[in-house]
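Worksheet: one structure, shown below.
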Amino acid sequence: MNAKEEIKKLREEIEYHIDRYYNQDEPEITDYEYDMMMNRLKKLEADNPGLVTPDSPTQRVGGKASKKGLKPVKHNMPMLSLRDVFSKEEVISFVKDMENALENPEFVVEYKIDGLSMSLRYDNGKLIMAETRGDGIEFGEDVTANALMIDDVVSQLKDPFEYFEIRGEVYMTNESFDAVNKKQELMGKKLFANPRNCAAGSLRQLDPQIVKERNLSLFIFNLQEARGREFTTHTECYDYMKSQGIKVIDNYKVCKNADEVWQAICDIGEKRGELGYDIDGAVVKINNYAQRSMLGSTAKVPKWAVAYKYPPEEKETTLLDVELSVGRTGRINPTAVFTPIRLCGTTVSRATMHNQDFIDELDIGIGDTIVVYKSGEIIPKIKEVVKSKRPSGTKTYRIPDTCPVCGAPTHREKDSSNIVCTSLSCPAQLENHLINFVGRDAMDIKGFGAAYIIDLCREGYIKDISDIYKLSDYRDELVDKGLIGKAKNTDKLLSVIEDSKSNDANMLLTGLGIPNVGKTAAKTLIRHFESIDKLMSASIEELMEVSDIGQISAKAIYDYFQDDKNRAILLRLKEYGVNMSSDSKSSSDKLSGLTFVVTGTLPSLGRKEAANLIEDNGGKCAGSVSKKTNYLVAGENAGSKLAKARDLGIEVITEGELLNMINS
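In our numbering, the protein residues as written are 553 to 1216.
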């Protein structure tokens, strides 16, 4: 790949991750991984200055002020980012550069809080505006109402003057984060990945009460502008802020030379695990404001400060046990249970061990000291075993040759690392299979939760998926035992089950749990064969004639329908009145062979509705833009996918144009 191609590829990837981090508050990679991508792009652009463009991510700050419903606000002062450095040599080089450019410079070293940047504007001592960083240069978002819900935000200064604008970081303490996730779990809602995501998402809510409930915090770290009072240094301004009740960064240190600066950075690094909140680095900045003004800024960063980024956080812990679970397909999944540790703002005590090959490769045994890190700052993973700390007699863990749920023999699948239970009647497989069957992407039986499924299986009411449609025969027993609740709740669920009988056959096919047959493949198969009955009679060769069905998938489908037990279940489903055919009126092949990506807010369709419409008419709907994409269906706030589609020359259409393609 030449420099031009690599620059183009890096820009596309970085744009995508900028959107995930700043605008959606859902990053998919670690800060470290992002920083490495950005550094590579900067180097390529430095080596190839003719390829630098104004819209390159290296020339911009932050994301966009795009949260729907929040009012855009023009910045009085830019909210720039900082230049990142990753080594002692880079820190010392920065200090030396400052010493060469300035007379006796002083440096302040302080925590770099991991949160969402916000500026506060005071007019004659009264808070008149709180704004997010947005694009960092021109526009942010007005979050004044939300900011007033944060206890650390001072609304009235004790010793006011004409105008005072300060900048800080909204964050969430580990204690508050744990409390929010505990509440999310109790309510059955999605958990937040880390405190930064939770704080950023909360501050940009339209309901200020949510901000209040989630107990956000704020540290102030910079003076943006002052009129009516002069401050000589950063620390002098900090003293004034503290006198006004404004909370500034904890434990900052004033340093005179490179050795003191580096020692301060090391001290912060050693103690960061003991803090009650997350930091993602240490900031080194010039203390004197006149010297800052003399140095100035680039279009993106001030020249008088850098942010030192610590390596990805990882910690040692002790493997206490290995828990085994059985998935819907019978696969045995080993999970490491270890002494709880804190990583990236959350307490973790479990991590997947994948399979026996992974265990053998790392040579992991119970009692070992293991090194755990977080992938994408979200998923805990085991990096390695500290062999020097291995207790005497420790042996590599082996997944047993019997199922941990039903006791049946296990075997290793051919050409696979999977160890599976051999029993078709294994309760764990049945429960997981049923959860998949009633789920939103399959039969969509709303209200049929996992707890009901487990109780009904263990009480003997459900032995396979067809038994769901016999539950109405036991209505009175179910009410008496309270397995689904009282009469009203039981009748409600039985009614939803009855209604699901009329679902299109592709939903039933999805729910059968055939390997490699998800929602999209099920729609394609049913569109081709029109019914489950015809699909059951298809040969492997006939199955392979269907778009995107390869030999492995075709054999899995064929084998499923040749199994006598599966055929008997399908016969019972048919007898109970479950629909086995496709609603031909609601589908067509007008979009056959075309791949679409849907992004942004469409005028009348939700993204899921648009995707279903595309698939119902023969098209495929992908989650990301690539060279295989034929059309991007774009609504408001289309973001990075729109930019990528234009770069790749992919045709961009509106919702109306999509509907015209289907209805023409």
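Where a beta carbon is used, it is the ideal one built from N, C-alpha and C, also for glycine.
Here the structure is a predicted model, which means the values were calculated and not measured.
Going by beta carbons, G1187 and T1153 fall inside the 8 Å limit.
When the five nearest sequence neighbours on each side are left out, the beta carbons in the same chain lying within less than 8 Å of the beta carbon of T954 are those of A960, P961 and T962, in order along the chain. The straight-line gap separating the alpha-carbon atoms of L1087 and V625 is approximately 58 Å.
A residue is called buried once 16 or more other Cβ atoms fall within 10 Å of its Cβ, and A598, having fewer, is exposed. Between F646 and V858, the CB-CB gap stays under 8 Å. Beta-bridge analysis with DSSP links M681 to R673. In the structure shown, I570 falls within a helical segment according to DSSP collapsed to helix, strand and coil. A straight-line Cα-Cα distance of about 40 Å links E641 and N733. Rounded to the nearest whole angstrom, the C-alpha separation of G1158 and V836 is 46 Å. Collapsing the DSSP output to three states places V878 in a strand.
Cα atoms of D730 and R766: separation of roughly 10 Å, rounded to the nearest angstrom. Contact check for E1167 against T1072 passes: the beta carbons are separated by less than 8 Å. When secondary structure is reduced to three states using DSSP, G959 falls in the coil class, being assigned neither helix nor strand.
Contact between the segment 1191-1205 and the segment 1173-1181 is present: 3 or more CB-CB pairs across the two stretches fall below 8 Å.
A straight-line Cα-Cα distance of about 10 Å links H906 and K933. Assigned with DSSP and collapsed to three states, Q708 falls in strand. If you ignore the 5 residues before and after T1151, its C-beta comes within less than 6 Å of the C-beta of A1186, A1190 and K1193, all in its own chain and listed in chain order. Listed as beta-bridge partners of N885 by DSSP are S877.
CA-CA distance, G821 to V643, rounds to 14 Å.
Nearest neighbour of W856 by Cα position, chosen from V705, K560 and L847, turns out to be L847. A Cβ-Cβ distance of about 12 Å is found for the pair E683 and E690, leaving them out of contact under the 8 Å criterion. Taking C-beta separations shorter than 8 Å and ignoring five residues to either side along the sequence, the partners of L596 in its chain run A555, E558, I559, L562 and L603, following chain order. The beta carbons of Q796 and L654 sit about 29 Å from each other, so the pair does not count as a contact at 8 Å. Here the segment 771-781 makes no contact with the segment 743-756; the two share fewer than three CB pairs at distances below 8 Å. Closest option to R992, judged by alpha-carbon separation, among G1037, D1032 and N1058: N1058. Distance from the Cα of A810 is smallest, within the candidate group N726, E651 and P943, for E651. With a contact defined as Cβ atoms closer than 8 Å, L1143 and N1164 miss out at about 12 Å. Membership of L1087 in the alpha helix (DSSP H) is indicated by the continuous run I1084 to M1088. With a cutoff of 8 Å on beta-carbon distance, L1095 and Y1110 are scored as near each other. Excluding five sequence positions before and after K1033, the CB atoms of its chain that fall closer than 8 Å to its own CB belong to E1011, given in chain order. T870 places its beta carbon less than 8 Å from that of T891. Burial is judged here by how many other beta carbons sit within 10 angstroms of a residue's own beta carbon; L758 has fewer than 16 and is exposed. The criterion of a C-beta distance shorter than 8 Å is not satisfied by E965 and Y925. In this structure S669 is buried. Its beta-carbon is surrounded by 16 or more other beta-carbon atoms within 10 angstroms. Ranked by how close their Cα comes to the Cα of L1045, the residues L1030, N1055 and G1129 have L1030 in first place. Cα atoms of S975 and F989: separation of roughly 19 Å, rounded to the nearest angstrom.
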